[in-house]
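Undergrad: Shown below is the structure under consideration.
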Amino acid sequence: MAEMGLPAAVFMLWMLIVLFKKGFRKLNHPSRLVRASTLGALSAIVAILCHSLSDFNLHIPANAIMFTVLAAIVTAPPPLLNRSAPDPAIGVFRNKRTLMVTVHHEPQNIIPVCKKATVKPNTVTESVAM
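This is the structure we're talking about:
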């Protein structure tokens with residue numbers, strides 16, 4: 027900052043504020059993977075910035091590239107959630123009107139429950155197919 031003056035310091039501070047705003051907004055994402063990777067990247071950025079207070083940490087190319095990659099992880103748009111795709115951790119297939127739950131009896135065998143619940147406004151109809 028000493029080489030570029032006050033305008034560069036204001037610009038860098040503004041970029042850090044935008045980075046952390048996007049990161050904190052991304053921490054509300056429903057996906058645990060997105061939240062965990064964002065929190066890890068934000069923590070690493072804070073560590074690099076704290077180290078930069080006492081040393082010229084970002085003058086080392088590897089550290090500067092790492093800071094850039096972490097900033098890219100934080101500011102990247104989160105993936106869209108596909109509501110019709112199965113969630114392997116829960117075993118629930120979601121659709122607009124049908125809910126099918128799978129039961130995991132053994133680690134290798136997935137047996138679907140033969141019960142489908144069709145959701146209509148104000149009513150729930152259950153049908154059993156065997």
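Just so we're on the same page, my numbering is the position in the sequence shown counted from 1, plus 26. Using N, Cα and C, we set each Cβ at its ideal position, and we do this for glycine too. Since the structure is predicted, the reported quantities are computational estimates derived from the model, not experimental observations.
1) Specify the secondary structure class of Ala102 as computed by DSSP and reduced to three states.
2) Within a Cβ cutoff of 7 Å, which residues of the same chain sit near Asn83, ignoring the five residues on either side of it in sequence?
3) What does the Cβ neighbour count give for Ala98, buried or exposed, with the cut at 16 atoms within 10 Å?
4) Count the other C-beta atoms from every protein chain shown that fall within 10 angstroms of the C-beta of Thr94, then say buried if there are 16 or more, exposed otherwise.
5) Since Val60 and Lys48 should fall inside the 8 Å C-beta cutoff, what is the C-beta to C-beta distance between them, to a whole number of angstroms?
6) Which residue marks the beginning of the alpha helix (DSSP H) containing Gly49, and which one marks its end?
7) Alpha carbon to alpha carbon, how far is Pro56 from Leu42? Give it in angstroms, no decimals.
8) Pull up the CB-CB distance for Ala70 and Leu96, whole angstroms please, since I reckon it's below 8 Å.
9) Spatial neighbours of Pro104 within its chain, please: CB distance less than 8 Å, with the 5 preceding and 5 following residues excluded, ordered by chain position.
10) Report the three-state DSSP secondary structure of Ser80 (helix, strand or coil).
11) Considering only the beta carbon of each residue, do Val100 and Leu68 sit closer than 8 Å?
TA: In terms of the structure at hand:
1) Look at Ala102 here: in three-state DSSP terms it is coil, with no helix or strand label.
2) Ile74, His77 and Asn89
3) Flag for Ala98 reads exposed.
4) exposed
5) That belief does not hold up - the Cβ atoms of Val60 and Lys48 are roughly 12 Å apart, past 8 Å.
6) Leu32 to Lys52
7) 24 Å
8) 5 Å
9) Lys52, His55, Ser57 and Val60
10) When DSSP states are grouped into helix, strand and coil, Ser80 belongs to the coil group.
11) yes
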